[in-house]
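Numbering follows my numbering, in which position 32 of the sequence shown is assigned residue number 37; successive positions increment by one, without gaps.
We put the CB at the ideal spot given by N, CA and C, even for glycine.
These numbers were taken from a predicted model, which means no experiment stands behind them.
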Amino acid sequence: MLFCTKQFLLFFLIIFFVYWALPWRRARVYLLLAASFFFYATWSKWLACVVCFSTALDYLVARGMDASTSPRLRKGLLALSVTANLSLLCYFKYATFFLRSLEDALAAAGLSTSLPVLRVLLPLGISFYTFEAISYTVDVYLRRIRAERSLANFMLFILFFPHLVAGPIVRARDFLPQVRRPKRWNWARLYVGALYVLLGVFKKLAIADRMVLFADPVYANPSAYRAGALWLAVLAYALQVYCDFSGYSDIALGCAHLLGYRLAENFNRPYLSPNIAEFWRRWHISLSSWLRDYLFIPLGGSRGGRWLTCRNLLLVMTVAGLWHGAAWTYVVFGVVQGLMLIVHRLFRDWCETRPRLAQALRTPAGTALRTAFTFTTFCYSLVIFRSLSLHNAWLMMGHMLAGVGGLAARRAGCLRLGGSLALPSWPRNEGLRHAARARAGAEVTPPPVLAAGRVRPVPVRSGGRHRHAPPWRPRPGVPGAPGTFEGPTGSETRPAVGAGAWQFAHRLRPGCTSPQ
6 MLFCTKQFLL
16 FFLIIFFVYW
26 ALPWRRARVY
36 LLLAASFFFY
46 ATWSKWLACV
56 VCFSTALDYL
66 VARGMDASTS
76 PRLRKGLLAL
86 SVTANLSLLC
96 YFKYATFFLR
106 SLEDALAAAG
116 LSTSLPVLRV
126 LLPLGISFYT
136 FEAISYTVDV
146 YLRRIRAERS
156 LANFMLFILF
166 FPHLVAGPIV
176 RARDFLPQVR
186 RPKRWNWARL
196 YVGALYVLLG
206 VFKKLAIADR
216 MVLFADPVYA
226 NPSAYRAGAL
236 WLAVLAYALQ
246 VYCDFSGYSD
256 IALGCAHLLG
266 YRLAENFNRP
276 YLSPNIAEFW
286 RRWHISLSSW
296 LRDYLFIPLG
306 GSRGGRWLTC
316 RNLLLVMTVA
326 GLWHGAAWTY
336 VVFGVVQGLM
346 LIVHRLFRDW
356 CETRPRLAQA
366 LRTPAGTALR
376 TAFTFTTFCY
386 SLVIFRSLSL
396 HNAWLMMGHM
406 LAGVGGLAAR
416 RAGCLRLGGS
426 LALPSWPRNE
436 GLRHAARARA
446 GAEVTPPPVL
456 AAGRVRPVPV
466 RSGGRHRHAP
476 PWRPRPGVPG
486 APGTFEGPTG
496 SETRPAVGAG
506 AWQFAHRLRP
516 GCTSPQ
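So, in structure tokens, the structure goes:
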């Protein structure tokens, strides 16, 4: 059941009216829990049971850690919860990817093997609620929050259907107090929720789904398109992925507001970021903040020196890339984002020793330049994220750069083409002789000009009047000699006009034919 469907609209309207008609807070909690389970069961009933089992396990583990004072027992319970959640995530999402990668590696080493292929149905939103469950147990272990006493409240935190499809990743310390708080009808909140839902639907249906028509054909066969079409497809996909993801997040925020809950913003105009670090603080904010708090800082953050910081950034962004999907394109995309963050950090440190450069980059013009550069480089890296394989990504990125690098060559070729068409077709000394005869008052018959494969008369000025000289004709017996003509004074051989230019034009446009 997707958000932008009639089924979800009918489902949500029923839940909305029944929810606000119930006068009891606990009844509303159980209604939302039943609705969330039904929403998940529409995808798969068995997977809904698996999610409920893992949620119950995390609930018991957190209660045990909260009640225990033994550090060893608490660490053991934390390890059990994290291992169980990551095992489910790896089995359902990454098992087939790991097996195929291992089989390819063994084949490259010369070992023929046939590993089993697992056909596993991916649970809905497993990446989101896995990170939510891990953050909850870690916070309980660190004594940041107390373990939730009500199993229904905790299951609603994990299964709350508005954020189950595409986030945002919710923190327990933000959501659980809202479950316990009484809800009252609020027209202002209804207005805000409706605006969020309408904005999300507009992003998804009016922009994202339209950009698919431009991006998908090009990414399916990038070698069939030129550089301009490739860049347009990259920009279209950048709009598609932003409006698709942020549209779903806006619908989730709107539905939560309509039910009396508040979820955190997930996007904050990321394409206006002046650098890649600021971009990742604005793009998928819930994921970026989760990786910062539960992976980057435990690894040491930026406290261990420059090279350890670079290592941590690379590891965190590699995990972020793998989190998005089970394919090498996502892994490489994460590595590229980590390298971009490292380069930005090194460049920032370098600019700190040059105050004039740092001040120039902070001016409005410098900020606009940095924003355009950040947007362009991120869009270029999205080619890896969207491509069907690393080979297609490499091919498409190479064609895009070749098109940019070929602008100067094509500009020079156009100048050569125009110059060759404008220059006279006879040698320089003969042109001077004709000019001298014209100044002496003698009648001058100019050389021919080739047009569309034939010789046409050229108007010349003689005695103050314009007239047409007799046409030049190809010399009989030499049919294929475009530079040989029969004139009033006999046969002469002159080079054809623009032969090299027409060859250049033929390379630019395969359908172009030479006038010869």
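- Pairwise C-beta distances place the stretch 223-236 out of contact with the stretch 245-264, as fewer than three of them are shorter than 8 angstroms.
- By the CB criterion at 8 angstroms, H262 and R189 fall outside the cutoff.
- Contact between the stretch 194-204 and the stretch 45-55 is absent: fewer than three C-beta pairs spanning the two stretches fall below 8 angstroms.
- Runs of the alpha helix (DSSP H) spanning 4 or more residues and lying entirely within the stretch 315-374 occur at 333-357 and 360-366, in chain order.
- In the DSSP annotation of this structure, the continuous segment of the alpha helix (DSSP H) that includes I19 starts and ends at K11 to A26.
- Secondary structure at R189: coil, using DSSP grouped into helix, strand and coil.
- Per DSSP, reduced to three states, the secondary structure at R148 is coil, with no helix or strand assignment.
- The stretch 284-320 is shown to contain no whole beta strand (DSSP E) run of 3 or more residues.
- In this structure, DSSP gives E108 a helical state, which the three-state scheme calls helix.
- Nearest to L320 by C-alpha distance, out of G339, Y385 and A331, is G339.
- Non-local beta-carbon contacts of S392 in its own chain, meaning distances under 7 angstroms to residues more than five positions away in sequence, involve Y224, T334, A398 and M401 in chain order.
- Inclusion of H289 and N271 in the CB contact set at 8 angstroms is warranted, their separation being smaller than that value.
- R375 places its beta carbon 8 angstroms or farther from that of N273.
- A Cβ-Cβ distance of about 17 angstroms is found for the pair Q342 and S291, leaving them out of contact under the 8 angstroms criterion.
- When Cβ pairs closer than 8 angstroms are counted between the two stretches, the stretch 90-100 is seen to touch the stretch 130-143, the count reaching three or more.
- For W51, the enclosing alpha helix (DSSP H) has its first and last residue at K50 to A72.
- In the three-state reduction of the DSSP assignment, N397 falls in the helix class, which pools H, G and I.
- Counting of Cβ neighbours within 10 angstroms places T368 among the exposed residues, the total staying below 16.
- Here the alpha carbons of A171 and F13 stand approximately 15 angstroms from one another.
- Straight through space, the alpha carbons of L362 and G371 are spaced by roughly 10 angstroms.
- Straight-line spacing of the CA atoms in Y99 and A331 works out to 6 angstroms.
- In this structure I389 is buried. Its beta-carbon is surrounded by 16 or more other beta-carbon atoms within 10 angstroms.
- In this structure, Y146 and R79 form a Cβ contact; the two beta carbons are roughly 6 angstroms apart against a cut-off of 8 angstroms.
- If you draw a straight line from the Cα of V348 to the Cα of F383, it comes to about 14 angstroms.
- Assigned with DSSP and collapsed to three states, L264 falls in coil, not helix or strand.
- Burial of H168 is indicated by the presence of at least 16 other C-beta atoms within 10 angstroms of its C-beta.
- A residue is called buried once 16 or more other Cβ atoms fall within 10 Å of its Cβ, and E153 is buried on that count.
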